[in-house]
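A.B. asks:
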Amino acid sequence: MSLITLTTDFGIKDHFVGAVKGAIYTQLPDARIVDITHQISPFNITETAYILKNSYKSFPDKSIHIIGVDSELSPENKHIALLLDNHYFICPDNGLISMIASEIKPTQIVAINIHDRVESSFPVLDVFVQVACFIARGGSLGVIGKDIDTYKKITEIQPKLNQDENQIIGSVVYIDNYGNVISNISKKLFADAGKGRPFKVKARRYEFDKIHHKYNDIINFDIEENRSHYDGNKLALFNSAGYLEIAIYRSNLDTVGGASTLLGLGYRDTITIEFIS
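Residue numbering for the sequence shown follows the numbering used here, beginning at 45 and increasing consecutively.
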């Protein structure tokens with residue numbers, strides 16, 4: 045039996061998550077369901093894509109990922125199912141796949157066509173669950189809908205490299221539970237564009253001339269004995285997902301604060317890297 049994951053902006057107060065799980069278990073009593081998160085900021089497609097891109101690979105091949113963010117059906121927001129990197133995704137065609145599939149081309153994409161039989165204001169429950177359970181029972185994508193060649197692209201979530209390759213212009217795509225600010229600038233892009241040159245990372249009025257590999261790289265463990273005074277220091281690093289992050293060392297949103305609040309950085313704010321020739 046395939047594993048089914050859920051990623052939504054439903055939160056945990058209302059009945060939505062429970063209803064979706066109940067519908068899956070009704071069709072597949074032996075199903076295995078994993079909640080990736082239900083705390084996506086409402087309708088935030090970029091945040092959804094970031095979380096999924098950095099979580100789906102940890103699941104077994106042939107896992108089925110239901111994505112319930114901005115999922116209401118409309119002429120501009122179709123529903124699609126696709127096979128990508130040997131994983132199935134069932135989601136709205138609202139652009140979120142363009143970040144997940146930025147480096148890997150989908151094997152197959154279909155436009156879901158069961159809406160003629162199902163009219164719903166809760167498509168995750170009434171449509172996506174049906175599709176997921178059909179795939180879990182061994183059904184093929186071709187039965188779910190008609191093959192299509194492309195999906196909606198969101199270009200603003202991709203960083204830009206200027207013509208002389210001396211500057212990367214990125215933006216904030218996610219703020220984590222610690223208030224750390226994650227950009228869309230990847231370690232690979234930084235290495236390819238920088239070619240080992242000195243650089244400055246600029247975020248509002250703050251600058252960094254060093255990018256760390258982990259948070260406690262700012263500490264000299266051979267010299268320092270009392271390290272508590274490092275708490276609250278700001279730093280830049282490439283996080284475990286391989287993206288440039290602006291962080292506060294040992295941040296605590298209730299006391300020290302996070303990078304987002306202390307540095308005044310929010311979703312879609314600009315972060316640039318300037319290379320020095």
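Here a beta-carbon is modelled for each residue, glycine too, at the ideal position from N, C-alpha and C. Predicted, not measured: the structure shown is a model, and the values here were computed from it.
(1) My parser needs the alpha helix (DSSP H) runs of 4 or more residues fully inside the stretch 88 to 126; what are they?
(2) Which partner residues does GLU318 have in the DSSP bridge list?
(3) Among all the DSSP beta bridges, which residues are the ones paired with GLU289?
(4) Quick check: what's the CA-CA separation for PHE178 versus ILE201?
(5) With a cut-off of 8 Å on the beta carbons, I'd call ILE111 and THR51 a contact; round off their distance for me.
(6) If you follow the beta strand (DSSP E) that ILE153 is in, where does it begin and where does it stop?
(7) Under 8 Å by Cβ, that's how I've got GLY301 and GLY223 pegged, so tell me the actual separation to the nearest angstrom.
(8) Go ahead and label VAL187 buried or exposed: buried means 16 or more other beta carbons lie within 10 angstroms of its beta carbon, across all protein chains shown.
(9) Would you kindly check if the distance between the Cβ of ASN138 and the Cβ of ASP114 is under 8 Å?
(10) Could you check whether ILE192 and GLN174 sit closer than 8 Å to each other, using their CB atoms as the reference points?
(11) Between the stretch 119 to 134 and the stretch 79 to 91, do three or more beta carbon pairs fall short of 8 Å?
(12) When the Cα atoms are used, what is the spatial distance from TYR218 to GLU91?
(13) Quick one: what's LEU306 bridged to in DSSP?
(14) Give the straight-line distance between the Cα atoms of VAL225 and ILE290, rounded to the nearest whole angstrom.
(15) Exposed or buried, which one is TYR94 when buried takes at least 16 other CB atoms within 10 Å?
(16) From GLU318 to LEU307, what distance separates their C-alpha atoms?
(17) Helix, strand or coil, according to DSSP, for LYS204 in the structure here?
(18) Please return the same chain residues whose Cβ sits closer than 7 Å to the Cβ of SER230, not counting the five positions on each side in sequence.
(19) Let me make sure I understand the geometry here. Which of ASN210, ASN228 and LEU233 has the alpha-carbon closest to that of ILE198?
(20) Quick check on PHE293: buried or exposed, where buried means 16 or more other Cβ atoms within 10 Å of its Cβ?
C.D. replies: The short version:
(1) DSSP runs (the alpha helix (DSSP H)) wholly in the stretch 88 to 126: 89 to 97.
(2) GLN211 and LYS244
(3) ILE226 and LEU281
(4) 32 Å
(5) 5 Å
(6) 152 to 156
(7) 7 Å
(8) exposed
(9) yes
(10) No. Outside cutoff.
(11) no
(12) 6 Å
(13) DSSP lists no partner for LEU306.
(14) 5 Å
(15) buried
(16) Answer to the nearest angstrom: the Cα atoms are 19 Å apart.
(17) strand
(18) GLY286 and TYR287
(19) ASN228
(20) The sequence given here has Tyr at residue 293, not Phe. It is buried - the Cβ of TYR293 has at least 16 other Cβ atoms within 10 Å.
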